[in-house]
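Undergrad: What follows is a structure written as C-alpha cells; I'll ask about it next.
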Amino acid sequence: MSTPEAVVNVGADLLADAIADQATPVTRVDWRPPMSGTEAHLATVAADPLRRTANERALAAVLGVTATLVDVAPASEVLGLQRGEFLHAGPPIAWERASGPLRGGLMAGAALEGLVEDPEDAVALFESGANVSLEPCHHRSTVGPMAGVVTPSMWMFVLEDAATGRRTYCSLNEGLGKVLRYGAYGPEVLTRLRWMGDVLGPLLQRAVRAAGPVDVTGILTQMLQMGDEAHNRNRAGTLMLLRDLSPAMVTSGMDAADIAEGLRFVGGNDHFFLNLAMPACKLALDAARGIDGSTMVVAMARNGTDFGIQVAGTGDEWFTGPAQLADGLFLGSYGPDDANPDIGDSAITETAGIGGFAMATAPAIVRLVGGSVPDALATTRRMHEITLGENPRWTVPVLEFQGTPTGIDVSLVCRTGILPQINTGMAGRVAGVGQVGAGLVTPPAEVFPKALARLAELARGRA
Amino acid sequence: MTTPPSNHVELRPGAYADSVTLLQVSRAVQGLDGVLAAQVAMATALNIEVLTEMGFEVPPEASTNDLVVALRLADADALTAALAGVDQALRDANRRVEGSTEIAPPRTTAAALRRAAGTPGHDAIVVVSVPGPSAVVEAMDAVDAGRDVLVFSDNVPVEQEVALKRAAAERGVLVMGPDCGTAVVGGLGLGFANVVSPGPVGIVAASGTGCQQLLALLDHAGVGVTSALGVGGRDLSAEVRGASTREALRRLDQDPGVELIVVVSKPPAPDVATEIEAYAAALATPVEFALLGDGRPDLTAAAEAVLRRLGRDVPTWPVSGVAPDSTTGATDGGVIRGLFVGGTLKSEAQLIAGTGAGHTFVDFGDDDYTSGRAHPMIDPTLRLEHLARAAADPATGVLLLDVVLGHGAEPDPAALLAPAVSTVSQPVVIAVVGTAGDPQGRARQVDALVAAGAEVHLSNAGATRRALELLGDRA
C-alpha cells in the first residue's frame, strides 16, 4: 500500500504528534463536543444511507437554478391573492402572538386594501379574525423582507427558473425609514404604497416586458464582486438593475414626470435590489425541497416572534424557536430597548450563501456591527464549516475568488455549534415606529437539534 | 448650579463618511460625559427627518453632501470636549483595525478534508480518537470523501460500526477500528505503532497489542512489514462479519510487495470464519491465520509459523537478566500477578497460565480502568499503584508485566517502572514489546529494567512460561 501523503487527525493531539514525528504533515481538527444531546441523532443521520447522495442532489439542485425577472404584476393576478388574504414573513403565526412591526405592517396592508379607513381600526378587524386570514409568504412561493406583508393590490416581482418554469415572488422595495415592512403605517407609508401601485408597478411591468427577462442570478454574481453582500448592501445590484431597465422605462410611453420619479425612486433606494435577491435565493433553494435524507436547510425565516427553518429532507415542517435580538447599531436616539426581535424572510439570502455568509465581500458594511475587516473574512470562512459546498458562480474576490458557502447542513451546525450569521435590519418593537437600526443576529440554537431529531426519526423509519 | 440642556448643530460640507461609520461615531459620541444625545450623519432627507424628530433644528441649506453634527448637551460648557470627542471618534472610525488574519483550524473532519482537496499531497488518511459517541460521525466524513480512516476511539455502538463499514464498503474505503490502537500503512505508523522496516509480510489485525507483538518478533527475526492494518476487535463478530477484514485483505493482496498475509484475531464467529477463509482462499497472496484462543497457538508460535512459511530461520527469542528462582528462595510458591497494559497480551498470558491455580491477570487498558483517564500506555500511574499493592501481598509469587513501546506510547516507561521494580522482593518478569527503532529505544528500556532486577523477554508467551517456571509449575 502507498504511504499516506498527509493525515487529518481529529481527537487526541498525542496521536497527531506521533505522526508529525514521522515527518508526515498533519491537519489537526479543532474538535469540540456537539450541541448537547445530539450525539445519537447525529450518528443516526450520519449513517442514513440516503444522506450523502441526497445532499449532493440538494446542493446541485440549488446551484443549477438561474433566476430571471420575467414580469411585474399585482399579487391578486400572480398569486391569486383575494381581498382579506394577508401574507407575512416567517413561520405561521396568528394575530395574538404577532409582534409590533408585523401588526403594524398588517394594519397598513388593511388600510391599503380599503378594509379599514384608519389603520388603527384594523386592530379590531384582526382581533375578530372575520374575513381576514394570515399565511406565510413561504407557503405561496413568496418571500417578504421584514414584516413581509403582501396584500392583493401590491405589485410583485415575478422570477422564473427557465429550465423548469418554477416561479417565486416578492413585493417591490419601499426604501428605508418609515415603511410598511418595518411596521410603520402612517399616511406617508400609505401614500408611497399607493404611488408604487399606481405608477412604479406599471412602469416596471412595461420595462420588464419590453427589455426582460433580466438575469437576476447574473447580477448577483457581479454585485458580489462589487462590494454588495445582497442583504444589507444592494447598491451595485440596484444600479445594475436600473442600467438594464432604464431605457425601456424611458420608452414605456408613460408620463415623463412619472418615469423620472420612478428612476429617482429606484436609484435612490439602495435596497431596491434586495427584493430581487430574495426571490432569486428562494427560487434556487426551493429546487432542493422534498429530497428525502437531505439535511440541507432550504429556508430560514422570522415573523418577529418565532424564528423558523425548513429542511430539504423534512417536507414543509417548520422547526421554530424564539426570534433573537440583533446586535448592532441604532438610528438616532433609538436603543436596544426599542428593537423588536428578528423579523423577515430576508434570511433566505444567508440560506443561499450570501448576506452574512458573504460578509467578506462587503467590507464597507462590517462596521455595522462594530466589526472589522478581518472579522468579515473570518465570518465567511466560518460559514464554510457549516455548509455543504461552494457556489462556483458567486465568488468572493478577497478570498481568492472562493465560492460563497452554500447549503447549511443541520448536522454540521449541531456538530460545531456554529450558528448561521445573518445580517439584518432592526424594526421598532412598537407598531408604527419603523426601522430603528441594523446589525447581526443568529437563529435560536434550538431549531437545529429539533430539525436533526426529525431527520433522525425519518432515517430510523426507513431503516 | 444646573443649566438647561443645550443643542448644538453644525454642518461640515464635504466631510463624507459612510452611514455605517457614522452610526458607529454617533454611538461613541453618545457615550461621552455630558452628552445626552448625539447624531453624526450625512444630511440626507431621511436623516434630517430623524434629527428633526430628535428635536434638532437642521439649517435649511443642508445638502446630502454635508455632514451634520448634532449634539444635545447637559451643559453648554461641555461643547468643546464633545466636539473633540466627535473628531476623535471620526478618526478612530477610520483607523486601520489590527485583527488576526490567521485562518482558524477546521472544526470537523469534513472541513479539514475539503480544505485539503485540490492541493498537492492531499491524499490524506484520517485518524479519529474523539469520544465514542461522536466517532462514527467524524469517520463518516472520511468515508464520504473516499478517504481511509483509523478509528482509535472505543465505546462505539456496534450498530454504528456496522453502518460505517457498510457505507465504507460501497465506496471502497478501509475502516480500521473502532478501538484500533495500532496500524502501519505503507510504512507510516498510526496510533501506537512500532517502527519496523518494510518487508514481505502484510498483517490484518483485530488486536492492537497482538499486532505489536507480531511486529516486534518479526522485526527481531529480520522480517519487515510494510502494512499492518487494524480492523477493530469486533470486525470478525457475527454482527460486523469481517467487513474491514475483507477490504484489508483485498488491499494487501493488491500490494505487489506483500508475499504473505497474516490475520491476527480472536477466533471469529464460526460462519464468519467460513466466509473469510473462503475469501482469503480466492486471493493470489497466501494468507496465514493466527487465531488466538484456548488450545490454539500463541502469538509467538504464530510468528514462528510465519517465519517457517517464508523459509526463514526461527531465532531464539531474546531474554535479558535472570529473575531469582522463587521456588528456591524465600517465597513459598504463590501465584502469578499479571499486570498488563495490552489486552491481547493479558489474554495470552491468562490462556497459557490458566487461572485455576489462583493466578490473576489485569488489563489496565480495559474500559473499567480507562473511563475518564488516559490509556496505561500513556499514563502508568494506576498500574504502578497496583504493582506496589501486589508486591505487598504475601500470596504473590511472581509479578508478570508487559511494556509496550512505539509511537504515541509513554516516552520512557522504564523511568518510573524500574524504580518500582527495584523495591519488589518477588521475581519480576517483563515482556518488553517493541523494536530497536522505536522512539523509546528497546535496548535502553531493557537495560534499565534488568538493572532494577527484572528478567525481560521479547516474547510475552515466553515471559509467561518463565513466570510459571519460577513458581515450579512447568506448563
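First to last, the protein sequences are chains A and H. Everything in the first sequence is counted per this note's numbering, starting at 16 for the first residue and increasing by one. Everything in the second sequence is counted per this note's numbering, starting at 140 for the first residue and increasing by one. The beta carbon of each residue, even a glycine, is placed where N, CA and C say it ideally should be.
What whole-angstrom Cβ distance do H:Q579 and H:G536 have, given they're in contact under 8 Å?
TA: Their Cβ separation, rounded to whole angstroms, is 29 Å, which puts H:Q579 and H:G536 out of contact at 8 Å.
Undergrad: Among residues of its own chain, excluding the 5 on either side of A:I34, which ones have a beta-carbon nearer than 6 Å to its beta-carbon?
TA: V22, V41
Undergrad: Using a cut-off of 9 Å between C-beta atoms, extract the partners of A:I433 located in chain H.
TA: R246
Undergrad: Closer than 8 Å, Cβ to Cβ, to anything on chain H: give me those residues from the region 46–70 of chain A, in chain order.
TA: W46, R47, P48, P49, E54, A55, L57, A58, A61, A62, P64, R67
Undergrad: For A:M241 and chain H, any beta-carbon pair shorter than 7 Å?
TA: no
Undergrad: Taking DSSP as the reference, what is the three-state secondary structure of H:A614?
TA: Residue placement at H:A614 is poorly supported in this model, since its pLDDT is 43, which falls under 50; the coordinates still yield a value, given next. Residue state, collapsed to three classes: coil.
Undergrad: Is the Cβ of H:S273 closer than 7 Å to any Cβ of chain A?
TA: yes
Undergrad: Could you pull out every residue in the same chain whose Cβ sits closer than 7 Å to the Cβ of H:D551, ignoring the five residues on either side in sequence?
TA: Q579
Undergrad: Does H:L556 have its Cβ less than 7 Å from a Cβ in chain A?
TA: no
Undergrad: Less than 7 Å separating the beta-carbons of A:T335 and A:P106?
TA: yes
Undergrad: Just reading off the alpha helix (DSSP H) that A:S148 is part of, what are its end residues?
TA: Premise fails: A:S148 lies in the beta strand (DSSP E), 148–151, not in any alpha helix (DSSP H).
Undergrad: For H:W456, which three-state DSSP category applies?
TA: coil
Undergrad: Excluding sequence positions up to five away, which residues of its chain have a Cβ less than 8 Å from the Cβ of H:P558?
TA: A591
Undergrad: Kindly indicate if chain H contains any beta-carbon less than 7 Å away from that of A:M16.
TA: yes
Undergrad: Which residues, in order along the region 376–408 of chain H, keep a beta-carbon less than 7 Å from a beta-carbon of chain A?
TA: R390, D394
Undergrad: CB-CB under 6 Å to A:E50, same chain, minus the five flanking residues each way: which ones, in chain order?
TA: The residue asked about is misnamed: residue 50 of chain A is Met in this sequence, not Glu. Once the five neighbours on either side are set aside, the close Cβ partners of A:M50 are C429, G432, P464.
Undergrad: Which runs of the alpha helix (DSSP H) fall wholly inside the region 245–270 of chain A and span at least 4 residues, in chain order?
TA: Runs of alpha helix (DSSP H) with 4 or more residues, each lying fully within the region 245–270 of chain A, are found at 250–265, listed in chain order.
Undergrad: Inspect the CB distances between the region 427–437 of chain H and the region 321–337 of chain H and report whether three or more fall short of 8 Å.
TA: no
Undergrad: Only counting the same chain, and skipping five residues up and downstream in sequence, which positions put a Cβ closer than 6 Å to that of A:V214?
TA: D273
Undergrad: Confirm, please, whether the CB-CB distance from H:M279 to A:A61 is below 7 Å.
TA: Against a cut-off of 7 Å, the Cβ pair of H:M279 and A:A61 comes out as a contact.
Undergrad: Counting C-beta neighbours from all protein chains within 10 Å, is the total for A:Y200 16 or more, i.e. buried, or is it exposed?
TA: buried
Undergrad: Reducing DSSP to helix, strand and coil, say where A:I324 ends up.
TA: Reduced to three states, the DSSP call for A:I324 is strand.
Undergrad: Hey, out of A:G359, A:G343, A:E332, whose CA is closest to A:L455's CA?
TA: Selected option, being the one with the closest Cα: A:G343.
Undergrad: Indicate whether at least one CB of chain A lies closer than 7 Å to the CB of H:G573.
TA: no
Undergrad: Could you check what DSSP says for H:Q565 in three-state terms: helix, strand or coil?
TA: coil
Undergrad: Residues in its own chain within less than 7 Å of A:A73 by CB, not counting five upstream and five downstream?
TA: A303, I306, S309, M311, A327, G422
Undergrad: Within 10 Å of its beta-carbon, does A:R279 have 16 or more other beta-carbons around it, so buried, or fewer, so exposed?
TA: That one is exposed.
Undergrad: At which residue ranges does the region 340–409 of chain H contain complete alpha helix (DSSP H) runs of 4 or more residues, listed in the order of the chain?
TA: 347–359, 382–393
Undergrad: Give a yes or no on whether 7 Å exceeds the smallest Cβ distance from A:G192 to chain H.
TA: yes
Undergrad: For H:V208, name the three-state secondary structure that DSSP assigns.
TA: Residue state for H:V208 is assigned as strand, using DSSP reduced to three classes.
Undergrad: Can you give the beta carbon distance from H:G369 to H:T321, rounded, assuming they're within the 8 Å contact cut?
TA: Confirmed, Cβ separation roughly 6 Å.
Undergrad: Need the endpoints of the beta strand (DSSP E) that H:D502 sits in, please.
TA: It spans 499–502 - the beta strand (DSSP E) in which H:D502 sits, taken as one unbroken run.
Undergrad: Would you list the residues sitting across from A:A302 in a DSSP beta bridge?
TA: The partner list for A:A302 (beta bridge, DSSP) is empty, contrary to what the question assumes.
Undergrad: What residues of chain A sit near H:A243, judged by a beta carbon separation below 8 Å?
TA: D45, A393, R396, R397
Undergrad: Would you verify that the beta carbon of H:R166 is, or is not, closer than 7 Å to some beta carbon of chain A?
TA: yes
Undergrad: Determine whether the Cβ of A:E20 lies closer than 7 Å to any Cβ atom of chain H.
TA: yes
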